[in-house]
Amino acid sequence: MGMKLEEIINNSRKLCNFLKEMIIDTLKLEEITVEDIDDDAPLFKEGLGLDSIDALELVVAIEKHFDIIIEDEDVGKEAFGSINILTQFIQREFKAKIKNSMSAAG
Amino acid sequence: MRWIEIEETVRFNEVDEWGMIWYGSFMAYFDIGRMALLRKFNLLPKQMVELGYIAPVIRLTCDYKQSATTDDSIIIRAAATKPEIAVLNFHFEILLKENRELLANGETTQMLLTTGRKIIYRLGGELKRRVDRLLQYCMQT
């Protein structure tokens, strides 16, 4: 995980794995490995079976790692749809952030 | 940690048929402590609703150490601790006034929702200002 953040974000495969590791570490899912997490399965309820407190923990981890803010449940419900959806969400938000900071500087 | 302290008297209806405070009564004592603390920082339930939020309890723990009985004087202590996530955490201690012996201690966690029942992931605005003041008060030693 010593790679540059941008390098990870621009590579969907790497970001996908990074997010799985982040979920396992953040929520201390000791019995689950990266291979156990299905890219398209829902993270909450029927999929990984996470609850709303887990969502709060993940929001903090995402802010820490990517400086991307998930304000509330409306955004969270969409972003935490699955690992694939979360990967796309992070990539989209990261691009928007760079664009904003560039237009602010210009 | 800085605690708020409230003195109460154990009522007849809070005691079980073995002459000990009924285990469920401690939850009401916790709430007396919590309300006193919330009142001090304008975070009472109705004031939260005015700001557009509710804060239901989603987790509660209680460890029982000693018992007391009807008409005993007790001290209810409550304090808030700073969580890393968007919740409110309160700690409680119930002491026998006579010798300050610990009767029980516990914790609660409250999630923050808008009045429209939407979970909020981060605190902002006036709610954050009031919660920060509460946390600052409790962090003083």
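Chains A and B, in that order, are what the protein sequence lines are. Note that the first sequence ends on residue 106 in the working numbering; no numbers are left out. Note that the second sequence ends on residue 1141 in the working numbering; no numbers are left out. For every residue, glycine included, the Cβ atom is placed at its ideal position computed from N, Cα and C. Values in this document were obtained by computation on a predicted structure and should not be read as measured data.
Got a sec? Which residues, its chain only, sit under 6 Å from residue i by beta carbon, not counting five neighbours each side?
i: V1057 (chain B); result: T1108 and Q1110
i: T1070 (chain B); result: V1010, F1012 and V1015
i: N84 (chain A); result: D39 and D40
i: I23 (chain A); result: none
i: Y1029 (chain B); result: I1076 and I1094
i: V59 (chain A); result: I70
i: P1083 (chain B); result: N1089
i: M1 (chain A); result: Note that M1 (chain A) scores a pLDDT of 46, beneath 50, so its modelled location is shaky; the value from the coordinates is reported in the next line. Closer than 6 Å at Cβ, skipping near neighbours: no residue.
My output table needs one value for residue i: the three-state DSSP class, helix, strand or coil.
i: D39 (chain A); result: coil
i: A1086 (chain B); result: coil
i: T1061 (chain B); result: strand
i: M1001 (chain B); result: coil
i: S1073 (chain B); result: strand
i: G2 (chain A); result: Caution applies to G2 (chain A), whose pLDDT of 48 falls short of 50 and renders its modelled position unreliable; the value that the coordinates give is listed next. In the structure shown, G2 (chain A) sits in coil (DSSP, three-state: anything other than H, G, I, E or B).
i: F44 (chain A); result: strand
i: D51 (chain A); result: coil
i: K99 (chain A); result: helix
i: T33 (chain A); result: coil
i: E1008 (chain B); result: strand
i: F1017 (chain B); result: According to the sequence as given, residue 1017 (chain B) is Glu; it is not Phe. Note: E1017 (chain B) maps to coil in three-state DSSP.
i: K72 (chain A); result: Per the sequence presented here, residue 72 (chain A) reads as Asp, with Lys not at that position. DSSP places D72 (chain A) in strand when its eight states are reduced to three.
i: D67 (chain A); result: coil
i: L1044 (chain B); result: coil
i: Y1023 (chain B); result: coil
i: Q1136 (chain B); result: helix
i: S82 (chain A); result: coil
i: A1036 (chain B); result: helix
i: A61 (chain A); result: helix
For residue i, which residues does DSSP report across the bridge?
i: L1102 (chain B); result: B:L1095
i: A1080 (chain B); result: B:F1090
i: L1113 (chain B); result: B:I1054 and B:I1119
i: T1108 (chain B); result: B:L1060 and B:F1090
Among the options, which residue has its Cα nearest to the Cα of residue i?
i: L48 (chain A); options: A:E6, A:F89, A:E57 and A:D36; result: A:D36
i: S12 (chain A); options: A:E93, A:S52, A:T87 and A:S101; result: A:T87
i: E93 (chain A); options: A:D67, A:I8 and A:L56; result: A:D67
i: C1138 (chain B); options: B:E1101, B:A1055, B:F1092 and B:L1096; result: B:F1092
i: A1055 (chain B); options: B:K1097, B:W1018, B:P1045 and B:P1083; result: B:P1045
i: L43 (chain A); options: A:Q91, A:S101, A:N100 and A:K20; result: A:K20
i: V1049 (chain B); options: B:Q1140, B:L1134 and B:L1113; result: B:L1113
i: H65 (chain A); options: A:S82, A:N10, A:I90 and A:S101; result: A:I90
i: Y1023 (chain B); options: B:E1008, B:P1083 and B:N1105; result: B:N1105
i: D1072 (chain B); options: B:L1037, B:C1062, B:M1001 and B:K1097; result: B:K1097
i: K77 (chain A); options: A:K97, A:S52, A:N100 and A:I9; result: A:S52
i: C1062 (chain B); options: B:E1084, B:L1135 and B:M1027; result: B:M1027
i: D1031 (chain B); options: B:T1141, B:A1079 and B:L1134; result: B:A1079
i: M1035 (chain B); options: B:L1134, B:N1099 and B:W1018; result: B:L1134
i: D1132 (chain B); options: B:T1115, B:E1007 and B:T1081; result: B:T1081
i: I1006 (chain B); options: B:L1103, B:I1074, B:T1115 and B:Q1140; result: B:I1074
For residue i, which residues from the same chain have a beta carbon less than 7 Å from its beta carbon, with the 5 sequence-adjacent residues on both sides left out?
i: R1130 (chain B); result: F1041, N1042 and L1043
i: E1101 (chain B); result: Q1066 and L1095
i: T26 (chain A); result: E57, L58 and A61
i: N17 (chain A); result: V34
i: S1025 (chain B); result: E1014
### Segment contact, 8 Å Cβ cut-off, at least three pairs: the stretch 1088-1095 of chain B with the stretch 29-39 of chain A
Output reads no: the stretch 29-39 of chain A does not touch the stretch 1088-1095 of chain B.
### Task
Could you say if the stretch 1112-1120 of chain B and the stretch 72-83 of chain A meet the contact criterion of at least three C-beta pairs nearer than 8 Å?
Contact between the stretch 1112-1120 of chain B and the stretch 72-83 of chain A is present, because at least three Cβ pairs lie under 8 Å.
### Task
For the stretch 1060-1077 of chain B and the stretch 1125-1141 of chain B, state whether three or more C-beta atom pairs, one from each stretch, are separated by less than 8 Å.
Using a Cβ-Cβ distance cut-off of 8 Å, the stretch 1060-1077 of chain B and the stretch 1125-1141 of chain B are not in contact, since fewer than three pairs of beta carbons, one from each stretch, lie closer than that value.
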